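S.K.:
Encoded structure:
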């Protein structure tokens, strides 16, 4: 049962919620601010919001038949009958309550209206991603929201909690983890093109087709690695180019993407998550080294 719940967390995708917090905190440290308690609570909130999104996704994909017997990705616990939908709903509700309480602490300890608004919006879109009358994941626009919430909002929100201010460079830096998180979703959707079509889940990959979606993956990957170059010219610190050390790895993954389809894309998905982790570590280190 523990393994079932761990798998339901979708651990290969969790770097999307961890890396932005590390980058935002490292940038705050670079500017002379660092509060370890705020870091831990921010990281916990970020992880919980993604886990809630994943759990709600399980519930509504099951209801809509998106995780049926033809699925080529990892087994989904609710659709496979390993976790009852009601149980998943109860656990999701408890996690929402915990996240809200932690968020209130952050709000009353320097976050203010800005962080409160981010928290409420994040929880709302965790539900709206696959639930509600206009599920984003079924309309081909979820990729944009991944860029916004797992990039811009996550990094800027983290930085703001540490510093109570925002600077343009933070917004620029936030785009890279957002782009790489978009590619995690992109690989997932490329893998599921055929099964998504059958249940009317019109993702961006379904709209574009497999080859154009793979080309878009490469373009987004390149955009992510342009970000450190922009930061280098903006702040004139050669260490900000450190994430480029990860670029050759990402290029190999891009080439392998075009050779892969179906279940083989599960490996590309895991590798894309690894690129995000390596990028995040390199980027965080570049800000810690002064």
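Numbering (the numbering used here), first residue to last: 6 to 295. The C-beta atom is built at its ideal place from N, Cα and C for all residues, glycine as well. Computed from a prediction, not measured in an experiment: that's the story for all the values here.
1. From this set, 258, 66, 43, 38, which residue's C-alpha is nearest residue 192's C-alpha?
2. With distances taken between CB atoms, is the gap from residue 245 to residue 236 smaller than 8 Å?
3. Is residue 218 helix, strand or coil when you go by DSSP?
4. Please classify residue 134 as buried or exposed, where buried requires at least 16 neighbouring CB atoms within 10 angstroms.
5. With DSSP as the reference, label residue 297 as helix, strand or coil.
6. Where does the unbroken alpha helix (DSSP H) through residue 8 begin, and where does it stop?
7. Identify whether residue 151 lies in helix, strand or coil by the three-state DSSP scheme.
8. If you drop the 5 nearest sequence neighbours on each side, which residues of the same chain put their C-beta closer than 6 Å to that of residue 18?
9. Going by C-alpha distance, which of 172, 185, 113 is nearest residue 276?
10. For residue 62 and residue 272, what's the separation of their Cα atoms in angstroms?
11. So which of 234, 242, 187 has the shortest CA-CA distance to residue 219?
12. Does the Cβ of residue 44 have 16 or more other Cβ atoms within 10 Å, making it buried, or fewer, making it exposed?
13. Find the nearest neighbour of residue 223 within the set 288, 251, 22, 260, judged by alpha-carbon distance.
14. Looking at C-alpha atoms only, which residue of 247, 265, 256, 252 is the closest neighbour of residue 289?
15. Pick helix, strand or coil for residue 118, following the three-state DSSP scheme.
16. Is it true that the segment 160 to 172 meets the segment 88 to 105, where meeting means three or more beta-carbon pairs spaced less than 8 Å apart?
17. So with Cβ pairs under 8 Å, would you call residue 80 a contact of chain D?
18. Please determine, among 148, 106, 69, 283, the residue with the shortest C-alpha to C-alpha distance to residue 212.
19. Comparing C-alpha positions only, which one of 152, 85, 35 sits nearest to residue 242?
20. For residue 32, is the classification buried or exposed, using 16 other Cβ atoms within 10 angstroms of its Cβ as the cut-off for buried?
21. Determine the burial state of residue 91: buried for a count of at least 16 other Cβ atoms within 10 Å of its Cβ, exposed for fewer.
22. Quick test of your reading: residue 251 and residue 274, contact by CB under 8 Å. State the CB separation rounded to the nearest angstrom.
23. Which residue wins for smallest C-alpha separation from residue 128, given the options 234, 60, 202?
24. Between residue 163 and residue 37, is the Cβ-Cβ spacing less than 8 Å?
25. Nearest by alpha-carbon distance to residue 281: which of 53, 9, 24, 6 is it?
M.R.: In terms of the structure at hand:
1. The residue labelled residue 192 in the question sits at position 187 within the chain shown. Nearest C-alpha to residue 192: 258.
2. Walking along the chain shown from the start, residue 245 turns up at place 240. Walking along the chain shown from the start, residue 236 turns up at place 231. Yes, the pair counts as a contact, with Cβ atoms nearer than the cut-off.
3. Position 213 of the chain shown, counting from 1, holds the residue named residue 218. Residue state, collapsed to three classes: helix.
4. Residue 134 sits at position 129 when you count from the first residue of the chain shown. By the neighbour-count rule (16 or more Cβ atoms within 10 Å), residue 134 is buried.
5. Lying before the first or after the last residue shown, residue 297 is absent from the chain, which here runs from 6 to 295.
6. Translated into the one-based positions of the chain shown, residue 8 becomes position 3. First-last of the alpha helix (DSSP H) with residue 8: 7 to 13.
7. Translated into positions along the chain shown, residue 151 becomes position 146. The answer is helix: DSSP assigns residue 151 an H, G or I state.
8. Walking along the chain shown from the start, residue 18 turns up at place 13. The answer, listed in chain order, is 189.
9. As a working mapping, residue 276 is identified with position 271 in the chain shown. The option with the nearest alpha carbon to residue 276 is 185.
10. Position 57 of the chain shown, counting from 1, holds the residue named residue 62. Position 267 of the chain shown, counting from 1, holds the residue named residue 272. If you take the alpha carbons of residue 62 and residue 272, they lie about 21 Å apart.
11. For the purposes of this step, residue 219 is taken as the residue at position 214 of the chain shown. Nearest of 234, 242, 187 to residue 219, Cα basis: 187.
12. Stepping through the chain shown from its first residue, residue 44 is reached at position 39. Result: buried.
13. Within the chain shown, residue 223 is the residue found at index 218, counting from 1. Taking only the C-alpha atoms, the option nearest residue 223 is 260.
14. Numbered from 1 along the chain shown, position 284 holds the residue referred to as residue 289. Nearest C-alpha to residue 289: 247.
15. One-based indexing of the chain shown puts residue 118 at position 113. Correct three-state label for residue 118: helix.
16. no
17. The structure shown contains no chain D; it holds only a single protein chain.
18. Indexing the chain shown from 1 puts residue 212 at position 207. Checked all of 148, 106, 69, 283; the closest Cα to residue 212 is 148.
19. Position 237 of the chain shown, counted from the start, is the residue given in the question as residue 242. For residue 242, the nearest C-alpha among the options comes from 35.
20. Position 27 of the chain shown, counting from 1, holds the residue named residue 32. It counts as buried.
21. Numbered from 1 along the chain shown, position 86 holds the residue referred to as residue 91. Per the 10 Å Cβ criterion, exposed.
22. If you number the chain shown from 1, residue 251 lands on position 246. If you number the chain shown from 1, residue 274 lands on position 269. In fact, because the Cβ distance is near 17 Å, the residues do not count as touching under 8 Å.
23. Along the chain shown, one-based indexing puts residue 128 at 123. Among 234, 60, 202, the Cα nearest to that of residue 128 is on 60.
24. As a position in the chain shown, residue 163 is number 158, starting the count at 1. As a position in the chain shown, residue 37 is number 32, starting the count at 1. No, Cβ-Cβ distance for residue 163 and residue 37 is not below 8 Å.
25. On the chain shown, residue 281 is found 276 positions in, with the first residue counted as 1. Nearest option by C-alpha distance: 24.
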